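Residues in the sequence shown are numbered consecutively from 0, following numbering that gives the first Met the number 0.
First comes the structure, then the notes that go with it.
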Amino acid sequence: MEFEKSLFEAITTGNKDQAQRITEEAIADGVDPEKLVNNCMIPAMDDVGNRFEQGELFLPELLIAARAMKTSMALLRPLLAKSGARPAGRVVIGTVMGDQHDIGKNLVASLLEGGGFEVIDLGFDVSPQKFVDAVRENSPEVVGMSALLTTTMPAMKSVIQELAQAGIRDSARVMIGGAPVTQRYADEIGADGYADNANSAVTLARSFISRTP
Ligand code: B1M
0 MEFEKSLFEA ITTGNKDQAQ RITEEAIADG VDPEKLVNNC MIPAMDDVGN RFEQGELFLP
60 ELLIAARAMK TSMALLRPLL AKSGARPAGR VVIGTVMGDQ HDIGKNLVAS LLEGGGFEVI
120 DLGFDVSPQK FVDAVRENSP EVVGMSALLT TTMPAMKSVI QELAQAGIRD SARVMIGGAP
180 VTQRYADEIG ADGYADNANS AVTLARSFIS RTP
């Protein structure tokens, strides 16, 4: 609880060094990394986002908060991704074109790794062509796309269309997510599924694999 409170403060104030120190201490103390992410780090980004929306914070403050969050995530990622099992399946994942938000996508990638998936992470601002190339090269069972901006959501549809044009749409299941994305939107653009958080993304990916012949 103490770690959660102080890490929340370090992230919301964008204090990267403090975030690093507290995360290291929490890890050494055996704190559950998933709890730290869910109870403290995601709420911290929500807090910053709300205050940004209300005009209390500005873009540079958003940036330094994200930098502090990423510093902590980099330390937690190996713990979240710890898995001794053989790959449950392969996932190609990325944040779509025009969108630089990658914190949520990184979290989904880490938990998928933790869930035993081999993850090919294409990063952020990923063009439809890059998704198509990655599917051709890696033959994943699942393609995951993340978008945080209402203006970049249509890029998800473009990826699905380009996969279809390349004749490989049916080779993988398409899973989408991100704050503005909904199940309705997934249905509308012909995605196979939507997950509203990183845990449910793992459950959804598993359900795809169990339905793969
Ligand atoms: Co931006 N930003 N941002 N931002 N930013 C939002 C998204 C915004 C809601 C803030 C606000 O106004 N309240 C708003 C979007 C409004 C809209 O489109 N309706 C916004 C805006 C406007 C912008 C800019 C346009 C600002 C500007 O320049 N004027 C700009 C755009 C840049 C660009 O992308 N081209 C911008 C920039 C930035 C930063 C670079 C400063 C930084 C991103 C840093 C980074 O990611 N490396 C940033 C941040 C940090 C945010 C907020 C504050 C936090 C996002 C985040 O990391 N959340 C955000 C407000 C908010 O969301 N509360 C905001 C924590 C993360 C763990 O959650 O990403 O939702 P999330 O992921 C969740 C789920 O959505 C889900 O699982 C995750 C874990 O539970 N999920 C998936 C995500 N992907 C998934 C994929 C799946 C399944 C589930 O399957 C594949």
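For glycine and all other residues, C-beta sits at the position ideal for the given N, C-alpha and C.
Every value quoted in this text rests on a predicted model; they were computed, and no experiment measured them.
To the nearest whole angstrom, what separates the beta carbons of residue i and residue j, a pair I think is in contact under 8 Å?
{"i": "Ile92", "j": "Asp120", "result": "6 Å"}
{"i": "Gly97", "j": "Ser145", "result": "No, Gly97 and Ser145 are not in contact; Cβ-Cβ is about 12 Å, not under 8 Å."}
{"i": "Val95", "j": "Met155", "result": "6 Å"}
{"i": "Ala73", "j": "Gly13", "result": "Contact flag wrong, Cβ pair sits at about 16 Å."}
{"i": "Leu62", "j": "Phe51", "result": "With a Cβ gap of about 10 Å, Leu62 and Phe51 do not count as contacting."}
{"i": "Gln17", "j": "Ala9", "result": "4 Å"}
Residues in its own chain within less than 8 Å of residue i by CB, not counting five upstream and five downstream?
{"i": "Gly114", "result": "Ser82, Ala87, Val201, Ala204, Arg205"}
{"i": "Ile167", "result": "Val131, Val134, Arg135"}
{"i": "Glu117", "result": "Pro86, Gly88, Arg89, Val90"}
{"i": "Pro179", "result": "Ala146, Leu147, Leu148, Thr149, Met152"}
{"i": "Ile159", "result": "Arg168, Val173, Ile188, Gly189, Ala190"}
{"i": "Asp46", "result": "Phe7, Thr11"}
{"i": "Val30", "result": "Phe2"}
{"i": "Gln216", "result": "Only positions 0 to 212 of the chain appear in this structure, which leaves residue 216 out of reach."}
{"i": "Phe57", "result": "Phe51"}
Please return the same chain residues whose Cβ sits closer than 7 Å to the Cβ of residue i, not counting the five positions on each side in sequence.
{"i": "Ala214", "result": "Since the first residue of the chain shown is 0 and the last is 212, residue 214 is not available in this structure."}
{"i": "Lys69", "result": "Ile102"}
{"i": "Phe7", "result": "Cys39, Pro42, Ala43"}
{"i": "Lys4", "result": "none"}
Counting C-beta neighbours from all protein chains within 10 Å, is the total for residue i 16 or more, i.e. buried, or is it exposed?
{"i": "Ser109", "result": "buried"}
{"i": "Pro212", "result": "For Pro212, the predicted structure reports a pLDDT of 49, less than 50, and the residue's modelled location is therefore unreliable. A value from the coordinates is still provided. So Pro212 ends up on the exposed side."}
{"i": "Ser209", "result": "exposed"}
{"i": "Leu35", "result": "buried"}
{"i": "Ala27", "result": "exposed"}
{"i": "Lys104", "result": "buried"}
{"i": "Gly192", "result": "buried"}
{"i": "Thr22", "result": "buried"}
{"i": "Ala163", "result": "exposed"}
{"i": "Glu55", "result": "exposed"}
{"i": "Phe123", "result": "buried"}
{"i": "Pro59", "result": "exposed"}
Please return the same chain residues whose Cβ sits closer than 6 Å to the Cβ of residue i, not counting the five positions on each side in sequence.
{"i": "Arg76", "result": "Ser109"}
{"i": "Ser157", "result": "Pro127"}
{"i": "Phe207", "result": "Val141, Arg172"}
{"i": "Leu106", "result": "Ala197"}
{"i": "Lys15", "result": "Arg66, Ala67, Thr70"}
{"i": "Gln19", "result": "Thr70"}
{"i": "Glu161", "result": "Pro127, Val131"}
{"i": "Glu33", "result": "none"}
{"i": "Leu78", "result": "Pro32"}
At a cut-off of 7 Å, is residue i close to the ligand COA when judged by its beta-carbon and the heavy atoms of the ligand?
{"i": "Pro42", "result": "Here the bound small molecules are the ligand B1M; the ligand COA is not part of this structure."}
Shorter than 8 Å from the beta carbon of residue i to some beta carbon of chain B?
{"i": "Pro153", "result": "No chain B appears in the structure shown, which is made up of a single protein chain."}
Please list the segments of the beta strand (DSSP E) lying wholly inside the region 67–122, counting only runs of 3 or more residues, in order along the chain.
-> 88–94, 116–120
Could you name each continuous alpha helix (DSSP H) segment of 4 residues or more that falls completely within the region 112–178, going from the start of the chain to the end?
-> 127–137, 153–164
Taking only runs that begin and end inside the region 21–74, name each unbroken alpha helix (DSSP H) of 4 or more residues, in chain order.
-> 32–35, 41–52
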